[in-house]
Structure formats: structure tokens, C-alpha cells
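Trainee: First to last, the protein sequences are chains E and V. Counting from 1, one number per residue, gives the positions in the first sequence under this note's numbering. Counting from 1, one number per residue, gives the positions in the second sequence under this note's numbering. Built from N, CA and C at the ideal position, the CB exists for glycine as well.
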Amino acid sequence: MSKLAVNKDFCIGAGLCVLTDADVFDQDDDGIVTLLVDDPGDGPSIKEAVANCPSGALSLVDE
Amino acid sequence: MTETRELPLSMQREGFDPAPALAAIRENEGITKVSTGFGIDAWLITRYADVRAVLSDPATFSNSRVSELPLPGVDKIKRKELAERQAGNLLALDPPAHGRLRRLLTPEFTLRRIRRLEPRIVEIVDEHLDAMERKGPPADLVADFALPIPSLVICELLGVPYSDRAGFQERSNRQLDLSVPLDERLALQEESRDYMATLVERAKADPGEDMLGMLVREHGDDLTSVELIGIAGLLLIAGHETTSNMLGLGTLALLQHPDQLAIVRDQPERVDAAVEELLRWLSIVHSGTGKIATRDVEVAGQLIKEGEFVMCALPTANRDPQLRSEPDELDVTRGEIGHLAFGHGIHHCLGAPLARMELRTALPALLKRFPDLRAVSSTPDFRSFHVIYGLTSMEVAW
Ligand code: HEM
Ligand code: SF4
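#1: Please report the residue range of the beta strand (DSSP E) in which Phe10(E) lies.
#2: Mark Pro20(V) as exposed unless 16 or more other C-beta atoms lie within 10 angstroms of its C-beta, in which case mark it buried.
#3: Report yes if the C-beta of His98(V) is less than 7 Å from at least one heavy atom of the ligand HEM; otherwise report no.
#4: Kindly indicate which three-state DSSP category Thr392(V) falls into: helix, strand or coil?
#5: Buried or exposed: where does Arg265(V) fall if 16 or more other Cβ atoms within 10 Å of its Cβ makes it buried?
#6: Does any heavy atom of the ligand HEM sit closer than 7 Å to the C-beta of Pro40(E)?
#7: What's the call for Thr2(V), buried or exposed, on a 16-neighbour Cβ count within 10 Å?
#8: Nearest CA to the CA of Arg100(V): which residue from Leu55(V), Ile346(V), Gly208(V)?
#9: CA-CA distance, Leu212(V) and Ala232(V)?
#10: Who are Met311(V)'s beta bridge partners in DSSP?
#11: In chain order, what residues of the same chain lie with their CB nearer than 8 Å to the CB of Glu14(V), ignoring the 5 residues before and after it?
#12: So His128(V) packs on Pro148(V), CB below 8 Å; how close in whole Å?
#13: Against chain A, does Asp39(E) count as a neighbour if the rule is that its beta carbon must be under 8 Å from one of theirs?
#14: Any idea if Gly31(E) is buried or exposed, counting beta-carbon neighbours within 10 angstroms, 16 or more meaning buried?
#15: If the criterion is Cβ atoms closer than 8 Å, does the pair Ala143(V) and Ser393(V) meet it?
#16: Give the straight-line distance between the Cα atoms of Thr4(V) and Val180(V), rounded to the nearest whole angstrom.
#17: Kindly indicate which residue of Pro96(V), Ala131(V), Asp206(V), Phe61(V) has the alpha-carbon position closest to the one of Gly288(V).
#18: Relative to the alpha-carbon of Val61(E), which residue among Asp42(E), Cys53(E), Glu48(E), Pro54(E) has its alpha-carbon at the smallest distance?
#19: I want to verify the contact list: residues of chain E whose CB lies under 8 Å from the CB of Ile237(V), in sequence order.
#20: So with Cβ pairs under 8 Å, would you call His109(V) a contact of chain E?
#21: Can you give me the C-alpha to C-alpha distance between Val50(E) and Ser59(E), rounded to a whole angstrom?
#22: In whole angstroms, what is the alpha-carbon distance linking Ala5(E) and Asp39(E)?
#23: Rounded to the nearest angstrom, what separates Glu306(V) and Asp50(V) at their Cα positions?
#24: Do we get a CB-CB distance below 8 Å when we pair Ala5(E) with the residues of chain V?
#25: Give the C-beta separation of Ala87(V) and Val226(V) to the nearest angstrom, bearing in mind that I take them to be a contact with Cβ-Cβ under 8 Å.
#26: What residue ranges within the stretch 227–266 of chain V form continuous alpha helix (DSSP H) runs of no fewer than 4 residues, ordered along the chain?
#27: Per DSSP, Leu58(E) is paired with what?
#28: Taking Cβ-Cβ distances shorter than 9 Å, what residues in chain V pair up with Ala51(E)?
#29: What residues in the stretch 342–353 of chain V bring their beta carbon closer than 7 Å to a beta carbon of chain E?
#30: At which residues does the beta strand (DSSP E) containing Val33(E) begin and terminate?
#31: Please list the partners that Ser283(V) has in chain E, where partner means a Cβ-to-Cβ separation under 8 Å.
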């Protein structure tokens, strides 16, 4: 099981994560990624969002 | 050194497709030395995974050091001046300078902010379709539809008077056209900056509700005038020369694939995916900004030495079988977003949410309004020497 890690310092606000799964990802007023759920797990849409994130702000870390 | 008028390999295409020579490099050695057309050689990266890796590593592949390259006919003083003129140009900056500016602009381009523009974009599209209908066929799809729509949108967003369009449309087009002599392109850049400078001065005196006004109001103390000019100039040119070519080429591609055209026209729930597939398949930006290696580094088994120039072949990478099966097929029913048409890494297109909104509004509206739309000529007028691929014109009837 892996856990989603978010590094807001890297986020460039491209919003691809929101396009991938709008139930989990959102952008704050500054355009920076925020999570809408506490524990999004590591399902297919999370993996896809991590793979698509252009800035490396999203990653999956082993627990 | 003289300028070549030969088309650099990175820009060579056959119709919509990257030239077979490029695909062959991707399948074989993966990387090759190419001539850039301005007297310097470059390593051209062609595979999806390698392009992503290069674009993800700005510490090793620097955009800002490109200003050190010896351009033919440009002496040292002029070069320094050119480098200074890079202020505000996100594409010429590395971290942390890049992040500082990008963060000021990010809030303006979030999906949420762009969604607020939707009603106005719908209106602009309808106005242009009405005008085409009133005038009757034939029309030039580029001049009457593909260019003016994104042009008007970015003007309104930025706060650039649309009535000045004749001047800046011509300038942005010729600035990016490699068949125009370098001297003339540099002079045009200068003219564009002068034009932007007047707009920035105006916004400083009386900041409006547009993006220039916002930047002046909210960040007037952190941004120099030169930076404001650079930012606004990049947004104007990027807003003009990109979506418009996607609209032109995308329409032509769909006309040549009538079954897929019908999907875009009749199935609104599939339009988002279709737009992604068109972005991938057309990859209108041939290579994005070149980079300088800041250390010796290996890519695709090849040693790249510190100081060497590196370019990424986006269309070739987007046709990599590692990214999609049957990559050379246009199939609008798939539409994953992992492609590289908007770049990757910290320079990933700032305007992507806007471009997506424009495309998914304009393409189906055009096809619905003119269900019998057809290209008058069977030989498309591709513009080959342009940094961004597209059509010079496209006569259509209905
Ligand atoms: C379909 C249309 C578009 C395509 C295919 C496209 C493509 C790209 C690509 C490939 C890059 C990265 C270039 C590189 O790494 O050298 C980029 C960056 C950029 N684009 Fe777009 N673009 C489009 C529309 C727009 C629009 C409408 C705007 C502005 C409103 C825009 C603004 C920018 C800016 C400012 C950057 C630089 C970002 C940075 O360096 O951080 N683009 N675009
Ligand atoms: S995809 Fe990555 S860079 Fe873009 S908003 Fe999400 S976390 Fe930020």
C-alpha cells in the first residue's frame, strides 16, 4: 500500500490532477493543489494523477 | 556564418505526421545530433520517457543559459542586451526565478477561473460563426475563425485593445517564422516590446479589471516594468499562435476522418477526450524551448557534455508506442492526458486550461453550425517554417 504525498512547493498549478480526479484534487485560490479527502488511497486515478503531474508535486510513498 | 533556409529536422513533417526520419531515430538510436538552422548543433531527444525526464530536470537542462549561445551576427554587447530582454519571459527562466513569476500568474489560469470565461468564449465563437454564415461560403477558416477567436479571448483577458490586432498578429506570426531573416525577427521582437511597453505604462497609470491591471494592482511593487512587458508579451504571443493552429489543423484532421468528426459534433460527452487526442496527435509545438546541459549527462545511452544544446521532439515523443498503442492513428475516443503537447515539468503550459476550454467550445460549435463543412482544396497549406505548426490558410465551403 502506498500513500499519496503532496509537496505544494513544487506545484505549478497546472490542474492536471483536478482533471484526472476532481473528487480528490482541487486548487486553492492561488492555484496550488489541495486535497479534498484525508486519505485518497492509491487507486488507479491517484496513480494516474501522480504520473501526469508535470511538476513532481505528487508522489506515492511506500508505507 | 550564414543562415540556412533548410528546415531543421526537428520541424520536418509529412502532413500531420512527424517525418519518417524522426520516427526512425526514436525507434533506433533515440537521440541524434541535428543542425538548428542558426549555426549551432543540438542533441534532439525523441522518445517519450527521455523527453519527460529532460523536461522534469531543469537543474540539469537549463532554459536560461540558452541566452549564452553565440547567435550568428549577434555580438557580445547585443547578446547581453538580448539576455536582459528576457526579463519576464517564463520560458527563458530557471528555478527559482521561474517559480517566482509563475506563482503570480498561476491563480489567473486555474480551471475554476477559466470556467468563468466560458460564457464569453461561447459568445465569441457564436459571433464569428454568425459572421461566416452572413458572408456565405467560401471562407478562410484560419482568418475568419481559427485566428480571431483565441486572439480576441487573449486580448480581453490581458487588456490588449483588439483594434490593434493587425499590428501584433503580423508581428507574432513573423517573429516565430524561421524563414524570416534573424535580423528582421529581432527587430520585430523589439517592436513588440515597444508596443507592450505602452500598454504597461497605460495599465500603470490606470489599472483596469484585466490581467495587466491585476498584475499592476496586486504585484506592482514586486514586478519591474521590464518584467511586466515580458510577461504580457509572452502571454499575447502564446495566446495567439497556439490555440489558433490547433483549431485550424484540428478541423482539417477531423474533415479527413469523417467518422471521428461526427463524434465531436454529435457527442458532447466525448469532446474533452477528443481534444486531448487531437492535441497529442497534432503536437503543434515542434520542440519547445531548447536547453543547455549544466553538467555531463547521459540520455538514451548518449553522453551529452556540459554546455551542449538539447532539444525535445514533442510530436515524435507523442507518437511513441510506449505512450499509446497504435500511436500514429488518430482515435478521438481515447483521450488520456499524459501526452506532451503542452510540455512537461515546470514550464508545462500555463494556458492549458484556457486552450482546452477554447478548443472544446469552438470545434463542436463549428461542426454543428456547418454540418457540410469541407475544404475547398485537396492540398493543405501547411506552414512548415513556423516554430508552431499550423495552416497558413484554409479555404472552406459548406
Ligand atoms: C493548444 C494550445 C497550446 C499549446 C499546444 C501550448 C503548448 C505549450 C508548450 C508545449 C509549452 C512548453 C514550452 C516549453 O517547454 O518550451 C507551453 C508553455 C507556455 N504556454 Fe502554452 N500552449 C497552448 C496555449 C497557450 C495559451 C492559450 C496560453 C496563454 C494564455 C499559453 C501560455 C503559455 C505560457 C505562458 C507558457 C510558458 C510557461 C512557463 O514557462 O512556465 N499557452 N505551451
Ligand atoms: S497536477 Fe501537479 S502541478 Fe498540477 S496542480 Fe496538480 S499537483 Fe500541482
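Mentor: This is what the structure holds:
#1: That residue, Phe10(E), is in no beta strand (DSSP E); it is neither H nor E in DSSP.
#2: Exposed, by the Cβ-count rule.
#3: Yes, the beta carbon of His98(V) sits closer than 7 Å to at least one heavy atom of the ligand HEM.
#4: The answer is strand: DSSP assigns Thr392(V) an E or B state.
#5: Per the 10 Å Cβ criterion, buried.
#6: For Pro40(E), the distance from the CB to the nearest heavy atom of the ligand HEM is not below 7 Å.
#7: A caution first: Thr2(V) carries a pLDDT of 39, below 50, which makes its placement in the model unreliable, though a value can still be read off. With a threshold of 16 other beta carbon atoms within 10 Å, Thr2(V) falls short and is exposed.
#8: Nearest Cα to Arg100(V) within the set Leu55(V), Ile346(V), Gly208(V): Ile346(V).
#9: Taking the straight line joining both Cα atoms gives about 7 Å.
#10: In DSSP, Met311(V) forms a bridge with Leu44(V).
#11: Around Glu14(V): Pro20.
#12: Right, their Cβ atoms sit about 6 Å apart.
#13: Absent from the structure is chain A; the protein chains it does hold are E and V.
#14: With 16 or more Cβ atoms within 10 Å of its Cβ, Gly31(E) is classed as buried.
#15: The answer is yes: Cβ separation under 8 Å.
#16: At Thr4(V) the pLDDT is 46, less than 50, meaning the model places this residue with poor confidence and gives no usable figure here.
#17: Comparing Cα positions, the closest option is Phe61(V).
#18: Of the candidates Asp42(E), Cys53(E), Glu48(E), Pro54(E), the one whose C-alpha sits nearest the C-alpha of Val61(E) is Asp42(E).
#19: Taking a Cβ-Cβ cut-off of 8 Å, Ile237(V) has no neighbours in chain E, whose nearest Cβ is about 20 Å from it.
#20: In the sequence as displayed, the identity of residue 109(V) is Phe instead of His. Yes, Phe109(V) counts as interfacial toward chain E.
#21: Straight through space, the alpha carbons of Ser59(E) and Val50(E) are spaced by roughly 6 Å.
#22: Straight-line Cα distance between these residues: approximately 10 Å.
#23: The straight-line gap from Cα to Cα measures roughly 18 Å.
#24: Not an interface residue.
#25: Contact flag correct, Cβ pair sits at about 4 Å.
#26: Those alpha helix (DSSP H) runs which fall completely within the stretch 227–266 of chain V and span 4+ residues are 243–255, 258–266.
#27: For Leu58(E), the beta-bridge partners assigned by DSSP are Val6(E).
#28: In chain order: Gly338.
#29: Listed by position along the chain: His344, Gly345, Ile346, His348, Ala352, Pro353.
#30: 33–35 is the span of the beta strand (DSSP E), which, as asked, contains Val33(E).
#31: Annotation: Ser283(V) has no Cβ neighbours in chain E at a cutoff of 8 Å; minimum Cβ distance is about 16 Å.
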